Amino acid sequence: MTQTEKALSKPVQLDIDPFSIAALGDPYPLYRAMREAGPVHYSSRYDCYFVVRHDDVQRVLGEWRTFSSAAGVGLANFNKERPWRPPSIVLEADPPLHTRTRTVLARTMTPGVVRQLRETFEREAELLIDRMLDMGAFDGIADFAEIYPTKVFPDAVGLPAKGRENLLPYGSMVFNSFGPRNALTEAAFANADAVRGWIMANCARDALSKDGLGAMIYAAVDAGEVSEDEAGMLVRSFLSAGVDTTVNAFGNMLWCLATFPDQWRKLRENPGLARNAFEESLRFEGPAQCFFRTTMDDVEVGGVQIGANEKICCFMASANRDPRRWNNPDTFDIERKVVGHMGFGTGIHGCVGQPIARLEGEAVFAALARKAGTIELAGEPVRQYNNVLRAFASLPVRVTRK
Ligand code: OVM
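Going letter by letter, the sequence shown gives residues 34 to 435 in this note's numbering.
Encoded structure:
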């Protein structure tokens with residue numbers, strides 16, 4: 034514990050790059066080493082602080098006045114460098130702007146809306162699982178994880194069918210750009226102009242159906258709550274935040290079920306556990322590994338003094354494995370009391386789409402639990418490297434019917 038004590042006034046300086054390919058491939062040993070070495074780390078490579086323990090992550094994400102989102106929630110400090118796109122008016126914003134925009138978004142995700150979406154989402158989930166069982170062996174990413182969230186959510190938003198292949202490349206741009214500028218960002222931006230062009234064009238009122246979540250956003254224009262341009266930006270937030278996240282949550286959850294057979298057995302015997310099992314997968318293998326904040330003032334975090342206008346990276350995925358908060362954190366346990374996990378973030382920026390994400394997860398994995406007998410890996414999983422998303426490129430899986 035001497036390292037911890039030494040760290041009480043100075044940040045730990047570990048020469049570790051959490052955005053290297055090696056770290057992204059296997060981040061959990063790194064998170065553990067960082068948690069044990071001290072609460073706050075300083076990276077001279079990135080001129081950024083890292084916060085890795087549950088309580089500190091919770092605090093930084095909770096105190097939005099001190100730890101601002103308006104200078105970006107990636108490594109880039111918008112006070113010092115120009116953002117790659119007009120900043121999100123909900124994610125990359127503080128109150129009062131954030132309060133106004135989030136209110137409009139949240140109204141599209143109420144229990145009443147979710148109730149209306151449920152029937153369609155469950156029907157599509159059955160179709161998806163039947164197709165997987167017909168295939169028997171398939172790729173858990175291309176044939177499963179990428180299929181459902183790129184259909185049901187864009188359908189609900191009211192997005193046209195044509196051009197949806199742009200959604201995942203856009204998500205890759207958005208999430209890679211939260212990290213440092215490296216080879217991953219470079220690759221993600223290969224076709225950036227065309228992808229961005231399609232996204233922006235399809236956020237317009239006229240591109241969207243009259244009865245979807247997108248139209249609900251534009252109804253707030255008519256009510257005087259947001260401007261027409263702001264409505265387009267909020268539809269852009271749907272498309273930025275609502276697709277890659279759920280795709281990778283599905284891939285990661287399927288991997289969990291294929292590699293923890295006792296947990297799969299429990300789920301298969303009790304499909305009612307699907308909702309909690311999906312939630313546990315967000316703790317154990319959450320797609321969003323970290324988000325950043327910017328200090329508004331001199332502040333102390335975990336006994337370490339940090340100056341104003343500094344970037345802090347909050348590792349939610351490390352908080353989710355912190356033994357100070359969780360018993361057996363490295364065990365995937367679908368019956369665990371998982372409230373308090375950081376997979377959706379926490380605080381005023383906690384995932385606004387979580388009711389829809391949960392609906393998708395519950396619909397699909399409950400259908401799987403009802404219909405499938407066995408699930409196993411049919412080959413080596415291949416990682417998809419992304420600066421902040423935990424993802425697979427390919428996940429060969431074999432399933433049988435019950
Ligand atoms: C946005 C946005 C983009 C990515 C993620 C996100 C996790 C929001 O553009 O508002 O939330």
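Heads up, the beta-carbon is just placed ideally off N, CA and C, and yes, glycines get one too. Since the model is a prediction, treat every value here as computed from it, not as a measurement.
Nearest residue (CA-CA) to residue i, options the options
i	options	result
residue 253	372, 138 and 144	138
residue 296	123, 407, 365 and 414	365
residue 116	207, 389, 168 and 176	207
residue 372	310, 172 and 190	310
residue 128	334, 156, 140 and 99	99
residue 58	428, 419 and 276	419
residue 221	428, 430 and 422	422
residue 44	124, 50 and 84	84
residue 80	390, 169 and 49	49
residue 354	271, 66 and 42	66
residue 205	165, 251 and 281	281
residue 166	408, 412 and 427	408
residue 368	357, 161, 312 and 155	312
residue 60	413, 392 and 348	348
residue 105	239, 96 and 125	125
residue 342	293, 239, 111 and 290	111
Cutoff 6 Å; reference residue i; Cβ partners in own chain excluding five residues on either side
i	result
residue 350	319 and 322
residue 437	The structure shown does not extend to residue 437, since the chain is modelled only from 34 through 435, so no value can be given for it.
residue 159	400
residue 247	190, 191, 241 and 268
residue 405	432
residue 72	86, 89 and 335
residue 271	190
residue 317	365
residue 356	362
residue 178	280, 283 and 284
C-alpha distance - residue i paired with residue j, whole-angstrom precision
i	j	result
residue 225	residue 303	44 Å
residue 283	residue 394	7 Å
residue 380	residue 374	12 Å
residue 424	residue 416	6 Å
residue 53	residue 109	17 Å
residue 397	residue 193	23 Å
residue 260	residue 314	38 Å
residue 344	residue 300	41 Å
residue 39	residue 277	A caution first: residue 39 carries a pLDDT of 46, below 50, which makes its placement in the model unreliable, though a value can still be read off. So the two alpha carbons sit approximately 40 Å from each other.
residue 152	residue 390	15 Å
residue 77	residue 215	16 Å
residue 286	residue 279	10 Å
residue 361	residue 258	46 Å
residue 34	residue 62	Only weak support is given to the placement of residue 34: the predicted model assigns it a pLDDT of 43, under 50, and the question is left unresolved by the model.
residue 187	residue 256	24 Å
residue 149	residue 197	23 Å
residue 307	residue 181	17 Å
residue 436	residue 144	In the structure as shown, the chain begins at 34 and stops at 435. Residue 436 is therefore absent and cannot be evaluated.
residue 430	residue 168	10 Å
residue 237	residue 74	43 Å
residue 174	residue 157	17 Å
residue 264	residue 235	12 Å
residue 332	residue 199	41 Å
residue 249	residue 140	8 Å
residue 219	residue 210	9 Å
residue 97	residue 146	28 Å
residue 118	residue 233	11 Å
residue 346	residue 212	10 Å
residue 392	residue 290	19 Å
residue 56	residue 172	25 Å
residue 51	residue 239	42 Å
residue 164	residue 176	9 Å
residue 494	residue 154	Since the first and last residues shown for the chain are 34 and 435, residue 494 lies out of range.
residue 230	residue 358	44 Å
Residue i at chain D interface by Cβ criterion, 8 Å
i	result
residue 388	Here there is only one protein chain, and chain D is not present.
Chain-order list of residues whose beta-carbon lies under 7 Å from that of residue i (same chain, five-residue window excluded)
i	result
residue 130	122
residue 435	404, 405 and 406
residue 202	224 and 228
residue 438	One cannot answer for residue 438 here, as it falls past the ends of the chain, which runs 34 to 435.
residue 386	142, 274 and 275
residue 217	209, 418, 419 and 420
residue 245	189, 190 and 191
Cut-off 8 Å between Cβ atoms - residues of its own chain near residue i, not counting five sequence neighbours on either side
i	result
residue 42	336, 337 and 338
residue 426	174, 415, 416 and 417
residue 101	127, 326, 327, 328 and 329
residue 411	170, 429, 430 and 431
Distance cut-off 7 Å: residue i Cβ against heavy atoms of the ligand MG
i	result
residue 150	Only the ligand OVM can be found as ligands here, which leaves the ligand MG out of the picture.
What runs of the alpha helix (DSSP H), each 4 residues or longer, lie entirely inside the stretch 328-374?
-> The alpha helix (DSSP H) runs of length 4 or more contained entirely in the stretch 328-374 are, from start to end of the chain, 349-352.
Going along the chain, which unbroken runs of the beta strand (DSSP E) with 3 or more residues stay wholly within the stretch 108-193?
-> 170-172
Counting only runs that start and end within the stretch 229-292, where is the alpha helix (DSSP H) found for 4 or more residues in a row?
-> 246-255, 261-274 and 277-292
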